[in-house]
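Single-structure report; data block below.
Number of protein chains: 2
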Amino acid sequence: LTVAELGEHALLARLLTRLPRPSATVLVGPGDDAAVVATARNERLVVTTDAVVEGVHFSRAYSTPADIGYRALAVNLSDLAAMAATPRWALVSLVLPGSMQVAEVEELVDGMSALATRHGVSVAGGNITRTDGPLVVDVTAGGEVAPRKWLTRAGARAGDELWVSGTLGAAAAGLEMLRLAGKGPGPGIGDPGSGRALPAPGSRLPAPGCVARHKRPEPRVRLGVAMGRARAARAAMDLSDGLADAVHQVAAASGVGVRVDAASLPIDDCAREWWKSRGVDAVTAAIAGGDDYELLFAVPAKGAGRLRAVRRQVADPAVTKIGVFTKDAHERVLLRDGKEDVIPQGFEHFANR
Amino acid sequence: LTVAELGEHALLARLLTRLPRPSATVLVGPGDDAAVVATARNERLVVTTDAVVEGVHFSRAYSTPADIGYRALAVNLSDLAAMAATPRWALVSLVLPGSMQVAEVEELVDGMSALATRHGVSVAGGNITRTDGPLVVDVTAGGEVAPRKWLTRAGARAGDELWVSGTLGAAAAGLEMLRLAGKGPGPGIGDPGSGRALPAPGSRLPAPGCVARHKRPEPRVRLGVAMGRARAARAAMDLSDGLADAVHQVAAASGVGVRVDAASLPIDDCAREWWKSRGVDAVTAAIAGGDDYELLFAVPAKGAGRLRAVRRQVADPAVTKIGVFTKDAHERVLLRDGKEDVIPQGFEHFANR
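So the protein lines, in turn, are chains A and W. If you count the first sequence from 1, you need to add 35 to reach my numbering. If you count the second sequence from 1, you need to add 35 to reach my numbering.
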C-alpha cells in the first residue's frame, strides 16, 4: 500500500494513533490547523508548520521566487488565523536544489519578508539544506492567543450557522488556467490521464484575478483573531484544501451534521466566468477546489450581535452565511434548486489526478 | 551564481541581511542553533527547525524508516541542547514521495516517537505533503529555558577553555563506510569525481559502531541543559557540521581566536582504526567530518568547580578539554607535534564533493 493509494487523510489518521500521548501542557494536539501549547506561566503558544513543494503547490514556470516565499508564509499565517492566534514569529526551512540561483533565493526571502513585515511577524530562525530534488520551503509559525480564546475544528454545535469569509473558487480556477497554459504543477489540462478536457477553441481567456489569488493567497489574520477575541465563533478552519474538505472536517471533528445552501455560496466572479466558459458546474468546482485560504466559522445562532461587532471592526473580507450545522452527525447535505445532494469529498493531496 | 557555487554559509549571511529586523521579543534571532523568543509573561521559548533530506543526509538503502524518523528529531533536540533548553514539543512536516509505502511512513513515525518519549517531547502537530522528489522530514522543536540561562555561540571570551562532549569522527567514518559500500548519500568512494580513493584490497572492515553513530546520533540533551543551568559554560554549539565548523563559528560569533590541541582530541576508536586502515590522517578527518552531534562549550577558566558539579550530575558522555579561546580574533590554530597549523574549514552542505 503506497502513500498515493491510501491518501492523505487516511495516512494522517493512521499516523496519529502511533504518536506518544502528548503531555498535559499540549492543549490542542495533532489534527487541527495548529497546536496549542501551555507554557509554564499560563501563556498559550500556537504553533503550526506547512511546506510548499515545487511541482505540487507551485511551479517555478509561473510563480516568481517572491510569490513562492510569500505563499510559504501565507499558508502558515492562515493556519494561525484559523486558530484565532496573533502571529508573532516564523522559522524558515529552505530545501534548495544546488542549481538554484542565489538571486532567486534572495527574492524568495524578500517575498516572505514583505508579508512578515505586514503582519508584524519576526523571522526568528531557520535552516538551509541541499536537495537533489524539487525546491521545498517549509515554514513553522508561532502565535499567541489568550487562554480559552482559540478556535478549533471541534467546537461546532447543532444549530450553529456556517459562515465563510471572502469568495470561493478563484484560486482553483487560477490553477486551472495555469495548468491549461502548461505552467501549473501537476498534469496539464488535456494531458493524457489528467481527466481534464481541453477547452473548446476560442473559449474566452479569464481575468488575471484568479491567477493572483492562487499565487498570493491572503491570510485572514485580522478576521480570525477578531472572531476569537469576540467569541463570535465556536469553531473555525481555513479553506486550504477547499470548502468541501473544511465542511467535512469541521462536521466530523465536532460530531455534527451540516447543510449547505448552494445558492448562497460566494463564488468569485472570475471563477464563475471561467467555469461557465468551459462548461463546468461552478458550484461543484468552487467547493471542491483547494487553495482558497478563506476561513470557515461556526457561529452560534444567538451570536449575531457579536458577529456584527466583528464586522464593524474588520470590514474586509466580507463574510457570508452559507449553511447550518445540524443534529444528525452523518448529514452532509448540499441544498440546490430544492434538491438535496451529498457534499462531495474535498481535495486530497495524494489523490492521483 | 548558483546555490552550490556560493555555499551554505555565504548564502545564509546574504539572506540574513534581507530579513526584517526582528521585534524586541526575539531575544536570539537567526544564525544560532535555535531562536529564543520572550512570551508575554517573561517565559523563554526556544525554537529550532532542521530538515533531513533523502540522498543528502540519509539513504533509504541503508537507513531504516525508523532510523530516519529518529534522526530527524535527534538533530533538532541537539540544537535545543546546544542552547541549554529542555525540549518540550515538536512539529513534524513530512514531504513524502507518493510511491512510499505506508508501512514505511508508520515505521518512520515510530522511530521518531520512541526518541520523543525518551525525552518527554510531545509531537504537537505537523503536516503531510506530497512530492515528486526525495523524501524530506522537517522537524521543528520547541523547548524552555530560564531567563538568561541559554547558551549561544557568541558568549566565548579570551581565556575560556574549549571543551567537547563524547567522541569525534565516528559518524563521519560510518558515513564513509556506507559510501564505500555504495549505500551512502552522495558520491561513493572510488566514484569518478568523488576525490576518494578506494581502500587497498584486504583492508580490515571496521566495527559497526561508527555506522550506528551516523544513523542514530545521540542528542546531548541532559548535558546541555545541565551546563546552562549551572552556568558552567559561556557559549555552546552542537557539532552537526563537525568540530572544525563549530570552532570557526563560535570563534567568529564571539570575536575571539582559538587554539586547539590535536593530541587531546577524543577521536573515536572505531574511526581511528578505520582511517588508519585506509591511510587517512585521523585528526584531519575527525575534525572536518560532519554529523557528530556532540556539544562544544566555552568554559571559563575559573569555572572548573561548576563543570565538576555538572559532571557529577551527568556522567555520560564524558567531556574533554581540547583547547582555549584567545585574544587574537583571527587566530585559528591547530597545535600538532609542536607545530602550528590552521584549523581547516568545516563541512559545507552545498560544496561539490
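Glycine residues also receive a C-beta, built at the ideal position from the N, C-alpha and C atoms.
I'd like to know whether the C-beta of residue 325 of chain A is nearer than 9 Å to at least one C-beta of chain W. no
Pull up the distance between the alpha-carbon of residue 376 of chain A and that of residue 196 of chain A, whole angstroms please. 19 Å
Residue 175 of chain W bridges to which residues according to DSSP? W:84 and W:126
Report the start-end ranges of each beta strand (DSSP E) in the segment 238-290 of chain A that is 3 residues or longer and not cut off at the edges. 270-273
Counting pairs of Cβ atoms below 8 Å between the segment 125-134 of chain A and the segment 169-184 of chain A, do you hit three or more? As far as the Cβ criterion goes, the segment 125-134 of chain A touches the segment 169-184 of chain A, which means the pair count is three or higher.
Quick one, which of A:270, A:282, A:71 and A:211 has its alpha-carbon nearest residue 160 of chain W's? Checking every option, the nearest Cα to that of residue 160 of chain W belongs to A:71.
Just confirm the distance between the C-beta atoms of residue 201 of chain A and residue 122 of chain A, as a whole number of angstroms; I'd bet it's less than 8 Å. That pair is no contact at about 19 Å.
Identify each residue in the segment 168-186 of chain A for which the Cβ-Cβ distance to at least one residue of chain W is less than 8 Å, and report them in chain order. 168, 169, 171, 173, 175, 177 and 179
Let me confirm a value: residue 340 of chain A is counted as buried when at least 16 other C-beta atoms fall within 10 Å, else exposed. Which label applies? exposed
For residue 257 of chain W, which option in W:365, W:114 and W:368 has the closest C-alpha, if you only look at C-alpha atoms? W:114
In the structure shown, what three-state DSSP assignment does residue 378 of chain W receive? coil
Alpha-carbon to alpha-carbon, residue 176 of chain A and residue 269 of chain A: 23 Å
Using DSSP's beta-bridge definition, name the partner residues of residue 356 of chain A. A:198
Residues of chain W with a CB under 7 Å from the CB of residue 131 of chain A: which are they? Result: 38.
Could you run through the segment 188-218 of chain W and flag, in chain order, every residue whose CB is less than 7 Å away from some CB of chain A? Listed in sequence order: no entries.
With 8 Å as the limit, tell me which residues of the segment 130-155 of chain W have their beta carbon closer than that to any beta carbon of chain A; keep them in chain order. 130, 131, 132, 133, 134, 135, 136, 137, 138, 140, 141, 144, 145, 148, 151, 152 and 155
Contact under 9 Å by Cβ, residue 205 of chain A with residue 248 of chain A: yes
Return helix, strand or coil for residue 319 of chain A, following the three-state DSSP convention. In this structure, DSSP gives residue 319 of chain A a helical state, which the three-state scheme calls helix.
Give the secondary structure of residue 40 of chain W by DSSP, where H, G and I count as helix, E and B as strand, and everything else as coil. If DSSP states are grouped into helix, strand and coil, residue 40 of chain W belongs with the helices.
Report yes or no: is there a C-beta of chain A within less than 9 Å of the C-beta of residue 84 of chain W? yes
Say whether chain W places a C-beta atom closer than 9 Å to the C-beta of residue 103 of chain A. Answer no: the Cβ-Cβ gap between residue 103 of chain A and chain W never drops below 9 Å.
C-alpha distance - residue 327 of chain A paired with residue 361 of chain A, whole-angstrom precision: 25 Å
Between the C-alpha atoms of residue 349 of chain A and residue 320 of chain A, what's the straight-line distance to the nearest angstrom? 28 Å
Tell me which residues share the same chain as residue 156 of chain W and place their Cβ nearer than 6 Å to its Cβ, disregarding the 5 neighbours each side in the sequence. 122 and 125
Buried or exposed for residue 98 of chain A, please, with buried defined as at least 16 other CB atoms from any protein chain shown within 10 angstroms of its CB. buried
With a threshold of 7 Å on Cβ separation, who are the neighbours of residue 88 of chain W within its own chain once the five nearest residues in sequence on each side are excluded? 169 and 171
Min CB distance residue 49 of chain W to chain A below 9 Å: yes
Taking the beta strand (DSSP E) that residue 157 of chain W belongs to, which residues open and close that run? 157-166
Closer than 8 Å to a non-hydrogen atom of the ligand FAD - does that hold for the CB of residue 153 of chain A? For the structure depicted, the ligand FAD is absent and the ligand set is empty, with no information on it obtainable.
For residue 40 of chain W, which of A:165, A:282, A:192 and A:182 has the nearest alpha-carbon? Nearest of A:165, A:282, A:192 and A:182 to residue 40 of chain W, Cα basis: A:165.
Mind checking residue 301 of chain A: buried by the 16 CB within 10 Å criterion, or exposed? buried
Could you give the residue range of the alpha helix (DSSP H) that holds residue 150 of chain W? 137-153
Determine, using beta carbons only, whether residue 164 of chain A comes closer than 9 Å to chain W. A Cβ of chain W is located within less than 9 Å of the beta carbon of residue 164 of chain A.
Just tell me which of W:346, W:182 and W:332 has its CA closest to the CA of residue 117 of chain W. W:332
Whole-angstrom distance between residue 266 of chain A and residue 366 of chain A, CA atom to CA atom: Residue 266 of chain A has its alpha-carbon roughly 26 Å from the corresponding atom of residue 366 of chain A.
Taking 9 Å as the CB-CB cut-off, is residue 124 of chain W touching chain A? yes
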